[in-house]
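Novice:
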Amino acid sequence: MRLLTIPVALALSVLCTAYPQPLQQANNNVQGQQITFDSFRPQHHPASHNNANNDNSGYARFDDQQVLRVEVSSMEELKKLEATVEDKNLDLWSNLRIGTVDVRIPSSEIEAFKAAIPFPSTVMIPNLQDLVPDQAPALNIQAASSWNYTDDSFWKNYHDLSTLNNFTETMVQQFPDLVTRTSMGFTHEGREVFGMTIHGYKKRQEMEAMEELVEEVEELVEEASSWWSWMFGSSSSSSSSEPKELKKPSKPKKHPKAIVIHGGQHAREWIGPAVVSYIAKELILGYGNSKKITRLVDQFEFTIVPVLNVDGYAYTWEHNRMWRKNRQPTSIPFCPGIDPNRNWGYKFATGGSSANPCSDAYHGSEAFIAKEPKMIADYILKKENVVGYIDFHSYSQLWMTPFGADCSKIPKDDEDIMEAGMGAAKALKDVHGKKFAVGSVCKIIYQASGGSLDWTYAEGGVKYSYAVELRDTGRHGFLLPEDEILPSSEETFAGVLHLANFIRKREKQWGYWM
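For the sequence shown, the residue numbers in mature numbering (1 follows the signal peptide of the UniProt record, and there is no 0) are -18 to -1, 1 to 496.
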């Protein structure tokens, strides 16, 4: 027996001395550190007095344009409104639904619109241009050239694309053990769509090294036992038998599950990129300082892309604050752009989108012809381990679930998806008291085909797929004031944390649950 215990003790000694030391969190004691941006100030783009429909030679103005809230009480009325909006090529600010629908209309067309749609209505924004100057790039130049990333000063303003990209690059450079740069591809205008993947890589590497070491020790113990039997014999084997060479098949490596989050699929929805960048910041700075955040970042890969529709987003800063689509050419030269969130490949162009290239809801000539949704879809399919997906939009305060294209269909995982979504909405409400309605796209709003969350769930295999409409409920619409950026970000982060923790607890069979 002593001969057997010697190799075993030796193996245990190797195991103890080689055990990796606990991971030193990179984010401890970050107070007071600063990141300096060389190109922090947004570019100056002078405003022009051109009409909003002629926006290629300056920054568009929206004088005498109103946002009208129309009350819709039946499906018949809804279809009539939909046809009128399509015929007159009006700008829908909120989703078509029974209830209320917000429409942007030039003041000169209000009477004709009301004659065609004699439903009760309220003027939400009497003159759109009164709200635009507060966010026009010429009036929103960041005064500081440095930003202390331990406070929230960055989220006191909206930022142009170059500044948001600079933010992402800086996070990658400052936290190389936690953050990696993730490129999705390039757009029609040649801009790169990229973000960051946040994960406790060192922790995972240590765990994998530990598992490999344990396997080696187990093999050493079994080999010692085999030699013992060969040298001294046993009742079950002959003295002439050779010791067997033990080769266990190696265990497949576990890969952490991923959660994909992006904003800015629709260009004018500036609050989305702001909130998404805040989520990234909180995950990074919370790692090592918050047990809950550390555990989630160790167990999930969070792939975060602040701006998906980068061409359109840049256009809203340079030319037209109300631009929604991307900037790809269409069959009509003077009507560029495809709505990325009507171009995903699940039940494409089956309702709730437009075949008119001049429409803001134009779905494109075929599914995934828009580069932006194709990038995310390819990433999800290639990665194969994505379990959560959130597409942030504005506005209306909704936490939406599949399906939007097929209103007769209910996801097989609907109970889990709804429970997680309702919990996220409650966690969100607990921060600043804002209520978010939870339910399928079809139930909360109206049929909308070619949307992201339908494809990610049905084709991408992402069980927990959501589209979230952020603040507000229509008082400012897409022009949410800058003093609401931070509270919107804080409450949304609480919802995202709840969702990730729900997935971790509900799906315990997946790897690295601690």
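All C-beta atoms, glycine included, are put in the ideal place defined by N, C-alpha and C.
Is the region 460 to 480 close to the region 397 to 416, with three or more CB pairs under 8 Å?
Specialist: yes
Novice: Would the region 388 to 405 count as touching the region 266 to 273 if we require 3 or more Cβ pairs under 8 Å?
Specialist: At 8 Å Cβ cutoff, the stretches do not touch.
Novice: Just mark residue 52 as buried or exposed, buried being the case when its beta carbon has 16 or more other beta carbons within 10 Å.
Specialist: Buried, since its Cβ has 16 or more Cβ neighbours within 10 Å.
Novice: If distances are taken between C-alpha atoms only, which option among 94, 426 and 318 comes closest to residue 352?
Specialist: 318
Novice: Going by beta-carbon coordinates alone, are residue 360 and residue 345 separated by less than 8 Å?
Specialist: no
Novice: Using three-state DSSP, classify residue 41 as helix, strand or coil.
Specialist: Three-state DSSP puts residue 41 in a strand.
Novice: Report, in whole angstroms, the separation of the C-beta atoms of residue 302 and residue 432, which I expect to be a contact under 8 Å.
Specialist: About 23 Å separates the two Cβ atoms, so there is no contact after all.
Novice: Where does residue 316 land, buried or exposed, given buried means 16+ other C-beta within 10 angstroms?
Specialist: exposed
Novice: Give me the Cα-Cα distance between residue 374 and residue 94, rounded to the nearest whole angstrom.
Specialist: 35 Å
Novice: Touch check for the region 60 to 74 and the region 407 to 423: three-plus C-beta pairs under 8 Å?
Specialist: no
Novice: Considering Cα atoms alone, identify which of 171, 170 and 152 is closest to residue 162.
Specialist: 152
Novice: DSSP state of residue 267, grouped into three classes?
Specialist: helix
Novice: Go ahead and label residue 35 buried or exposed: buried means 16 or more other beta carbons lie within 10 angstroms of its beta carbon, across all protein chains shown.
Specialist: Low confidence applies to residue 35: its pLDDT is 45, below 50, so where it sits in the model is not reliable enough to give any reading.
Novice: Can the beta-carbon of residue 497 be found less than 8 Å from the beta-carbon of residue 66?
Specialist: The structure shown has nothing for residue 497, since the chain only spans -18 to 496.
Novice: How many Å lie between residue 295 and residue 256 at the Cα?
Specialist: 12 Å
Novice: Mark residue 263 as exposed unless 16 or more other C-beta atoms lie within 10 angstroms of its C-beta, in which case mark it buried.
Specialist: buried
Novice: State the start and end residues of the unbroken alpha helix (DSSP H) segment that holds residue 155.
Specialist: 143 to 156
Novice: From the beta carbon of residue 237, is the nearest beta carbon of chain D less than 8 Å away?
Specialist: In the structure shown, chain D does not exist; there is a single protein chain.
Novice: Whether or not the region 337 to 344 and the region 363 to 382 are in contact is what I'm after, with contact meaning three or more pairs of Cβ atoms, one per stretch, closer than 8 Å; do they touch?
Specialist: Short answer: they don't touch.
Novice: Exposed or buried, what is residue 54 when buried is set at 16 or more other beta-carbons lying within 10 Å of its beta-carbon?
Specialist: buried
Novice: Which ranges would you report for the beta strand (DSSP E) in the region 87 to 111 if only whole runs of at least 3 residues count?
Specialist: 103 to 107
Novice: When the distance is taken between beta carbons, is residue 306 closer than 8 Å to residue 249?
Specialist: Cβ atoms of residue 249 and residue 306: closer than 8 Å.
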